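Residue numbers (the working numbering): 540 to 754.
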């Protein structure tokens with residue numbers, strides 16, 4: 540089995556073709572942000588183990604798929620485009636952030652019954668009114684145990700034609716910022732903290748959620 544080790548402040552790989560699969564394991568040393576650039580219309584899949592104390596940064600407007608049982612602890616930053624989590628450990632063990640300033644970013648959760656322990660810091664913004672808001676897309680029943688911090692209004696939606704259940708078990712933070720349900724596919728949403736009681740929303744239409752953030 541091949542293993543690549545990255546040491547230093549930055550390292551990058553640029554996907555040259557669509558539907559590329561990288562199956563070897565990678566170790567990212569502390570202080571290194573490993574950049575994966577995926578071009579428009581392309582999809583790159585990392586199926587091997589990504590480990591180490593460094594982090595991963597996704598750039599480019601294409602789609603990155605992470606399917607390994609990753610253990611890297613330096614964080615994941617989505618700068619552009621889409622990232623699809625095909626395993627519960629896709630984003631490693633630290634916080635997940637987005638820092639987009641022009642175009643919207645999309646996090647796609649694709650694990651049936653998946654439980655994600657990461658915190659999500661959706662810190663991007665729209666510049667001069669251009670671009671889309673960040674979006675959390677769910678293809679299957681999903682639970683987010685970590686806190687979700689919003690810097691602006693954030694979309695969430697169901698990519699599955701059937702109804703799914705999504706649970707936000709951590710806090711939803713961000714003052715006046717809210718989650719906005721988009722699309723026509725039904726979702727039953729559970730939220731346990733805060734407040735301590737579950738609040739459910741079964742929605743098929745696009746609407747603002749009837750619970751505010753920061754409560």
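Here a beta-carbon is modelled for each residue, glycine too, at the ideal position from N, C-alpha and C. No experiment lies behind these values; they were computed from the predicted model shown.
Coarse secondary structure for residue 572, derived from DSSP in three states: In the chain shown, residue 572 corresponds to position 33, counting from 1. In this structure, residue 572 counts as strand in the three-state DSSP scheme.
Among the residues of its own chain, which have a CB less than 6 Å from the CB of residue 735, if the five just before and after it don't count? By one-based count along the chain shown, residue 735 stands at place 196. Residue confidence for residue 735 is low, a pLDDT of 39 falling below 50, so the modelled location carries little weight and cannot support an answer.
Please determine, among 607, 677, 610, the residue with the shortest C-alpha to C-alpha distance to residue 725. Stepping through the chain shown from its first residue, residue 725 is reached at position 186. Checking every option, the nearest Cα to that of residue 725 belongs to 677.
Closest by CA to residue 708, which one among 595, 696, 675, 655? The residue labelled residue 708 in the question sits at position 169 within the chain shown. For the set 595, 696, 675, 655, the Cα lying nearest the Cα of residue 708 is the one of 655.
Under 9 Å between C-beta atoms of residue 685 and residue 658: Here the question's residue 685 lines up with position 146 in the chain shown. Here the question's residue 658 lines up with position 119 in the chain shown. Contact: yes.
Option in 680, 577, 586 with minimal Cα separation from residue 699: As a position in the chain shown, residue 699 is number 160, starting the count at 1. With respect to the C-alpha of residue 699, the residue from 680, 577, 586 having the closest C-alpha is 680.
Helix, strand or coil for residue 662? Go by DSSP, reduced to three states. Your numbering for residue 662 matches position 123 in the chain shown. Collapsing the DSSP output to three states places residue 662 in coil.
If you reduce the DSSP assignment to three classes, tell me which class residue 601 lands in. For the purposes of this step, residue 601 is taken as residue 62 along the chain shown, with counting starting at 1. It is coil, neither helix nor strand.
Going straight from the alpha carbon of residue 720 to that of residue 584, what length do you get? Along the chain shown, one-based indexing puts residue 720 at 181. Along the chain shown, one-based indexing puts residue 584 at 45. Rounded to whole angstroms, the separation of the alpha carbons of residue 584 and residue 720 is 28 Å.
Looking only at DSSP bridge pairs, what is residue 583 linked to? Counting from one through the chain shown, the residue named residue 583 turns up at place 44. 559, 603, per the DSSP bridge assignment.
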